[in-house]
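To convert, take the position in the sequence shown, counting from 1, and add 1233; that gives this note's numbering.
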Amino acid sequence: MANTTKIVFVGAGSMQFGISMYRDLFSRRDLAGSTLMLVDTNAEALERMTKLARFVNGRMGAGMIIESSTDRQRALDGAGFVVNATAIDRFRLWRQDFEVPKKYGIRHTLGENGGPGGLFFTLRTLPLVFDIARDMAEICPKALFINYSNPESRIILALGKYTKVPCLGLCHGIFMAQHDVARILGRPGEEVEVWGAGLNHFQWLMEVRERATGRDLYPELRAKEPAYDKDFAPLTRRMFRSFDRWVSCSDDHMGEYLPYGYEAGEHGYDFDGDARGRQGLVTEIDEVIAEKRPLPPDWQKPSGERGVVALAAILHNKRQFIESGVVYNRGAIPNLPADLAVEVPIVADAAGIHPVSLGPLPEPIAKLLTVQAGVQQMAVEAAVHASKELALQALLIDPVVNSTDAAVKILDELWEINKPYIRKCL
């Protein structure tokens, strides 16, 4: 009999990511007999996504057992894997994270993983993540925690430093970078192989090669990039010309970490457009479940995310190379701090997750990332200890923050908004 497991999906009410998970789970056949336990505190969203999971599982013949619960502790019993896609009042609070700093003169791009917004995402998110980690340590201590929630680097850093929970962060930024360089090269994405190392949303392509032959494509990229459409990824391309390596994963994400990141645009996230899209997705899901419209073809094939690939490799001991994962450093990038979350290639098998070191980063890149490393470390300490004093220090070492007065005002206002969620983690 094939190996089976229990996969607990926390934050399963998330429709967009939930559909991605279903695509990856139900398009496989080697997870048949395993249990997918869906967990969310929003009972209405959980019921909708449970119905959708059962419908797609049955329609695609995946053979998984679908269960759901609003009780996380009960759900974790017997888990082999815990997938985290939680967010606390995500869009309302994220909008505040973006708009409040702008009010006080801070120029930033997204307000999610870097700058003042990244700090407050960390302050309100880590207490919940540590609650999950404590439950796992007691109920399913050998389960792998697979994180998709932001701020990705800070969650993995905090878990790596303060818990014994095995953890892995995953992001599709490496594939965005692969697509971008292939676009400039005028090649299909699948012809281009990239190897990256760095921080999440700040990962640098150490190698760009022709997949079929292994030929180095960096000379061709350097030759073609200057003549390419000047409006495409201008900040990323300035960094490429300055540091001689392509950086992932987009101007606005990467720009969150830089004092000049606003040059990528200060438009922020399209909150209103996202709200309209989510309402449309509710209608689409309900109609699919009611069989008023066919199951979309895209929902029946893998999404490209790597979480299910990793867990299947571990479950069946089929050694699997995965292009990129966020892990606790411990020397994977030797010229960055050991107590940091880094993004590097990984290998997954029954023994767990194994980072693949590409060696030290070029020294100028390492020095640039070391600035952000300190910001992330300080933000984690502020969140773990629920310290407003440490939070101010985290703001004052962040290169995005250019005013002590602004830092104090931002801290006071956003601290009050987030106060219901900020508490000590240990």
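Idealized CB from N, CA, C, for every residue including glycine.
Quiz item: What first and last residue would you give for the alpha helix (DSSP H) that runs through residue 1277?
Solution: As a position in the sequence shown, residue 1277 is number 44, starting the count at 1. Counting along the chain, the alpha helix (DSSP H) containing residue 1277 begins and ends at 1276-1293.
Exercise. Excluding the 5 residues preceding and the 5 following residue 1607 in the sequence, name in chain order all residues of the same chain whose CB lies nearer than 7 Å to its CB.
Key: Position 374 of the sequence shown, counted from the first residue, corresponds to residue 1607. Counting only Cβ-Cβ distances below 7 Å, and skipping sequence neighbours, we find 1630.
Self-check item: Exposed unless 16 or more other CB atoms sit within 10 angstroms - verdict on residue 1647
Solution: Counting from 1 along the sequence shown, the entry for residue 1647 is found at position 414. Buried, because 16 or more other Cβ atoms sit within 10 Å of the Cβ of residue 1647.
Quiz item: Whose CA, out of 1381, 1464, 1248, lies closest to the CA of residue 1404?
Solution: Looking up residue 1404 in the sequence shown gives position 171. The residue with the shortest Cα to Cα distance from residue 1404 is 1381.
Quiz item: Would residue 1437 pass as a contact of residue 1474 if the rule is Cβ separation under 7 Å?
Solution: Position 204 of the sequence shown, counting from 1, holds the residue named residue 1437. Position 241 of the sequence shown, counting from 1, holds the residue named residue 1474. Result no, Cβ atoms of residue 1437 and residue 1474 do not sit closer than 7 Å.
Practice problem: Provide the residue(s) that pair with residue 1271 in DSSP beta bridges, ordered along the chain. | Solution: Stepping through the sequence shown from its first residue, residue 1271 is reached at position 38. DSSP, once it has assigned bridges, lists 1242, 1301 as partnering residue 1271.
Exercise. Since I believe residue 1407 is in contact with residue 1301 (beta carbons under 8 Å), could you give me their beta-carbon distance rounded to a whole number of angstroms?
Key: The sequence position of residue 1301 within the sequence shown is 68, counting from 1. The sequence position of residue 1407 within the sequence shown is 174, counting from 1. About 32 Å separates the two Cβ atoms, so there is no contact after all.
Quiz item: Do the segment 1259-1275 and the segment 1285-1297 make contact, defined as three or more Cβ pairs closer than 8 Å?
Solution: yes
Quiz item: Can you give the Cα-Cα distance for residue 1282 and residue 1384, rounded to whole angstroms?
Solution: Taking the first residue of the sequence shown as position 1, residue 1282 is located at position 49. Taking the first residue of the sequence shown as position 1, residue 1384 is located at position 151. Rounded to the nearest angstrom, the two C-alpha atoms are 24 Å apart.
Quiz prompt | Which of helix, strand or coil DSSP assigns to residue 1597 | solution = For the purposes of this step, residue 1597 is identified with residue 364 of the sequence shown, where counting begins at 1. Note: residue 1597 maps to helix in three-state DSSP.
Quiz item: On the premise that residue 1632 lies in contact with residue 1604, defined as a C-beta separation below 8 Å, what is that separation, rounded to the nearest angstrom?
Solution: Position 371 of the sequence shown holds residue 1604. Position 399 of the sequence shown holds residue 1632. Contact flag correct, Cβ pair sits at about 6 Å.
Quiz item: Since residue 1343 and residue 1489 are thought to touch, with beta carbons under 8 Å apart, how far apart are those beta carbons, to the nearest angstrom?
Solution: Translated into positions along the sequence shown, residue 1343 becomes position 110. Translated into positions along the sequence shown, residue 1489 becomes position 256. About 5 Å; that satisfies the 8 Å criterion.
Exercise. Go ahead and label residue 1664 buried or exposed: buried means 16 or more other beta carbons lie within 10 angstroms of its beta carbon, across all protein chains shown.
Key: Only positions 1234 to 1659 of the chain appear in the structure, and residue 1664 is not among them; the question remains open.
Practice problem: Would you kindly report the start and end of the unbroken alpha helix (DSSP H) that includes residue 1578? | Solution: The residue you call residue 1578 lines up with position 345 of the sequence shown. Note, residue 1578: premise wrong, no alpha helix (DSSP H); beta strand (DSSP E) at 1574-1582.
Quiz item: With distances taken from CA atoms, which of 1328, 1256, 1512 is nearest residue 1650?
Solution: In the sequence shown, counting from the first residue as 1, residue 1650 sits at position 417. Per the Cα distances, 1328.
Quiz item: residue 1499 by DSSP, collapsed to three states: which one?
Solution: On the sequence shown, position 266 is the one that residue 1499 refers to. Residue state, collapsed to three classes: coil.
Quiz prompt | residue 1651, DSSP secondary structure in three states | solution = Sequence index remark: in the sequence shown, residue 1651 carries index 418 (1-based). Reduced to three states, the DSSP call for residue 1651 is helix.
Quiz item: Excluding the five sequence neighbours on either side, which residues of its own chain have a C-beta within less than 7 Å of the C-beta of residue 1453, listed in chain order?
Solution: Here residue 1453 refers to the residue found at position 220 when the sequence shown is read from its first residue. Once the five neighbours on either side are set aside, the close Cβ partners of residue 1453 are 1418.
Quiz item: Cβ atoms of residue 1559 and residue 1402: under 7 Å apart, would you say?
Solution: Taking the sequence shown and counting its residues from 1, one reaches residue 1402 at position 169. Taking the sequence shown and counting its residues from 1, one reaches residue 1559 at position 326. Yes.
Quiz item: Does the distance from the CB of residue 1258 to the CB of residue 1589 come in under 7 Å?
Solution: For the purposes of this step, residue 1258 is identified with residue 25 of the sequence shown, where counting begins at 1. For the purposes of this step, residue 1589 is identified with residue 356 of the sequence shown, where counting begins at 1. Not closer than 7 Å, so no.
Self-check item: residue 1552 (DSSP reduced to helix, strand or coil)
Solution: For the purposes of this step, residue 1552 is taken as the residue at position 319 of the sequence shown. Residue 1552: coil per DSSP, three-state reduction.
Exercise. Could you tell me which uninterrupted beta strand (DSSP E) segments, each at least 3 residues in length, are contained entirely in the segment 1340-1369, listed from first to last along the chain?
Key: none
Practice problem: Leaving out five residues on either side along the sequence, give the residues of the same chain with a beta carbon under 8 Å from the beta carbon of residue 1598. | Solution: Numbered from its first residue, the sequence shown carries residue 1598 at position 365. Excluding positions up to five away in sequence, the list reads 1431, 1437, 1476, 1478.
Quiz item: Comparing alpha-carbon positions, which option in 1242, 1238, 1256 lies nearest residue 1531?
Solution: Here residue 1531 refers to the residue found at position 298 of the sequence shown. Ranking the options by Cα distance to residue 1531, first place goes to 1256.
Self-check item: Cross-strand partners of residue 1428 (DSSP beta bridge)
Solution: Here residue 1428 corresponds to residue number 195 of the sequence shown, with the count starting at 1. BP columns for residue 1428 point to 1440.
Quiz item: How would you label residue 1234, buried or exposed, when you count the other beta carbons within 10 angstroms and need 16 or more for buried?
Solution: The count along the sequence shown starts at 1 and reaches residue 1234 at position 1. Here residue 1234 scores only 42 on pLDDT, less than 50, and its place in the model should not be relied on; the value that follows carries that caveat. Classification for residue 1234: exposed.
Quiz prompt | Backbone secondary structure at residue 1561 - three-state DSSP | solution = Taking the sequence shown and counting its residues from 1, the one referred to as residue 1561 is at position 328. In the structure shown, residue 1561 sits in a strand (DSSP, three-state: E or B).
Quiz item: Who are the near neighbours of residue 1634 in its chain, counting only those whose CB is closer than 6 Å to its CB and skipping five residues on each side?
Solution: For the purposes of this step, residue 1634 is taken as residue 401 along the sequence shown, with counting starting at 1. Here the set comprises 1628, 1640.
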